[in-house]
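Here the structure comes first, spelled out in structure tokens, and everything after it is commentary.
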């Protein structure tokens, strides 16, 4: 069983930065793709970024502003968010998905990011 706990959300002004962290407990092997998703009020949950074996993927809306990284020694996933915009406001969720076993798909509880002046 895998548990994911996000932290680092908050209120920031447009143009500011935040770093989200996702601490994982349990076994997260190299067969897991780790990712960040976000959900704004009244909208669906969308992919922000994923990472597996050092390979990263980003939504077009965050390319060049957000960086996903993973510290395997600490079993922690990060999302560095720079040049934040009001439209980045959402609840951000951490996800761990096993590439082979579809039922092994885990979510954190989410952390609120609000970008406003």
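Residue numbers (my numbering): 32 to 148. For glycine and all other residues, C-beta sits at the position ideal for the given N, C-alpha and C.
Pairwise C-beta distances place the stretch 51-60 in contact with the stretch 108-127, as three or more of them are shorter than 8 Å.
In the structure shown, residue 38 adopts extended strand secondary structure according to DSSP, grouped into three states.
Beta-bridge partners of residue 66 (DSSP): 81, 126. For residue 102, the enclosing beta strand (DSSP E) has its first and last residue at 97-102.
Judged by DSSP in its simplified three-state form, residue 33 adopts coil rather than helix or strand.
For residue 55, the enclosing beta strand (DSSP E) stretches over residues 49-56.
When rounded, the separation of the alpha-carbon atoms in residue 103 and residue 43 is 28 Å. Nearest C-alpha to residue 93 among 35, 38, 67: 67. Here the alpha carbons of residue 69 and residue 75 stand approximately 8 Å from one another.
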